[in-house]
Amino acid sequence: MMYSVLSLLMSLPFILHDIWCLDCPSTYTQTNFILKHHVLSSTTVKNYQECYDKCASTTDCHSMNFYDRSQRCELNKGSHLSNPVDLVYNEEGTYSVHDSRSVETCSDKYCSTDTICVMKNNTFECKDCAFAFGMGVDSRKIPNSAITASSTWGSGGHEPWRGRLNNYPVTTPYNVGVDVGCWSARSNTVGQYLQVDLGHVVYVTMVATQGRPYSHAQYVRKYSLAYKNSDNSFVDYKIANIVKIFQGNTDLSTIVTHRLPDKIKTQYIRFVVREWYGHISMRAEVYGCQIPV
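Count the sequence shown with mature numbering (1 follows the signal peptide of the UniProt record, and there is no 0) and you get residues -21 to -1, 1 to 272, in order.
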């Protein structure tokens, strides 16, 4: 069913639903489909027009599910463009996009490998992202002040900015109180995080991590990602409405990379610790593409 839905979205235009909504501006509609997992509110209405009006008066509403038999109206905070796998068959439902609301992101599932989906003029285009590059954590293009954390171990040597991929202590053997070559959290608790300010909004497509270098067996075994969205609050990176948990490291120095199933459009990203070995210590890098103009 997933394949058939995606094929339908790619090959057929959405039909204008001018029979039920004569006053609605260019409302794209698909009968016998609904968008799941993104409902803001659900109410009973008299007709489709009233459902449309409710969406129009709700700032966060980007699409609607209308059920003809029960006259139920669901307002959605997302759309098929950003969440294609959530558009599912429902014989009673009718899915519609509120066309006057701009969609900032679209799912990479619409595009082939090594390309990303970007919105332009209310539709989507696939842009090349085959050569996603490091955003500057490893290369030190990103300044120390842009790398922060939830907490830091000790009075020095474990600062967040030391959590750069491939970072090592300046001297060997190293002075633990001066430089250990990574970020280490003050306490071992779930939710500790390493945060990177990328300087401006970009598309994040891949991440990488390492553990603490040299003698101490310390590394993060599992983590999730969080990013700052348009309303300036951090949200968890999710797939199918479930927080994505990434497998981290199993030793000190091996680089473990993960390509993201769907890109993240953000300036700020966090590596949120879920499980660790020895002590929470991490080195990391963020990869991606500049936003095409």
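All C-beta atoms in this analysis are idealised placements derived from N, C-alpha and C, irrespective of residue type, glycine included. In this text, all values refer to a predicted model and were calculated from it rather than measured experimentally.
For residue i, three-class secondary structure by DSSP
{"i": "glutamate 29", "result": "helix"}
{"i": "asparagine 208", "result": "coil"}
{"i": "aspartate 241", "result": "strand"}
{"i": "valine 64", "result": "helix"}
{"i": "lysine 99", "result": "strand"}
{"i": "arginine 253", "result": "strand"}
{"i": "serine 86", "result": "coil"}
{"i": "arginine 51", "result": "strand"}
{"i": "proline 4", "result": "With a pLDDT of 45 at proline 4, under the threshold of 50, the predicted position of this residue should be treated as unreliable, and no value is reported."}
{"i": "asparagine 123", "result": "helix"}
{"i": "residue 275", "result": "The structure shown does not extend to residue 275, since the chain spans only -21 to 272, so no value can be given for it."}
{"i": "cysteine 268", "result": "strand"}
{"i": "residue 278", "result": "Given that the chain is displayed from residue -21 to residue 272, the structure contains no residue 278 and the question cannot be resolved."}
Close beta carbons around residue i, own chain, < 6 Å, minus the five adjacent residues each side
{"i": "asparagine 145", "result": "Asp117"}
{"i": "phenylalanine 225", "result": "Tyr202 and His237"}
{"i": "residue 277", "result": "Here the chain has residues from -21 to 272 only, and residue 277 is not among them."}
{"i": "tyrosine 147", "result": "Gly160 and Pro192"}
{"i": "threonine 22", "result": "Cys52"}
{"i": "glutamate 104", "result": "Val97"}
Distance, residue j Cα to residue i Cα
{"i": "residue 274", "j": "glutamine 171", "result": "Since the first residue of the chain shown is -21 and the last is 272, residue 274 is not available in this structure."}
{"i": "lysine 207", "j": "threonine 245", "result": "6 Å"}
{"i": "valine 252", "j": "valine 235", "result": "15 Å"}
{"i": "cysteine 3", "j": "valine 64", "result": "At cysteine 3, the pLDDT of 47 sits below 50, so the modelled position is not reliable; the number obtained from the coordinates is stated separately. Cα to Cα, the separation comes out at about 26 Å."}
{"i": "methionine 185", "j": "glycine 227", "result": "13 Å"}
{"i": "lysine 120", "j": "leucine 177", "result": "10 Å"}
{"i": "alanine 263", "j": "histidine 59", "result": "32 Å"}
{"i": "glutamine 197", "j": "leucine 204", "result": "20 Å"}
{"i": "serine 130", "j": "tyrosine 74", "result": "45 Å"}
{"i": "leucine 37", "j": "glycine 142", "result": "The question names leucine, but residue 37 in the sequence shown is threonine. Cα to Cα, the separation comes out at about 42 Å."}
{"i": "arginine 200", "j": "phenylalanine 45", "result": "44 Å"}
{"i": "glycine 136", "j": "methionine 114", "result": "24 Å"}
Contacts around residue i, its chain only, beta-carbon distance under 7 Å, and the 5 residues preceding and following it disregarded
{"i": "lysine 15", "result": "Asp65 and Val67"}
{"i": "asparagine 69", "result": "Asn11, Phe12 and Ile13"}
{"i": "serine 20", "result": "Leu54"}
{"i": "histidine 195", "result": "Gly257"}
{"i": "histidine 17", "result": "Asn55, Lys56, Gly57, Asn62 and Asp65"}
Beta-carbon separation (whole angstroms), residue i vs residue j, contact threshold 8 Å
{"i": "alanine 187", "j": "tryptophan 162", "result": "Going by Cβ atoms, the distance from alanine 187 to tryptophan 162 rounds to 14 Å, so no, they are not a contact pair."}
Residues of its chain near residue i, where Cβ-Cβ distance is below 8 Å and the 5 sequence neighbours each way are ignored
{"i": "glutamine 189", "result": "Leu144, Asn145, Cys161, Tyr198, Asn228, Leu231, Ser232, Thr233, Ile234, Val235, Met261, Arg262 and Ala263"}
Residue-level contact to chain C via CB, residue i, 9 Å cutoff
{"i": "lysine 99", "result": "Of the protein chains in this structure there is only one, and it is not chain C."}
**Request:** Can you check the stretch 155 to 220 for any beta strand (DSSP E) of at least 3 residues that lies completely inside it and give the ranges in chain order?
**Result:** 172 to 189, 198 to 207 and 213 to 215
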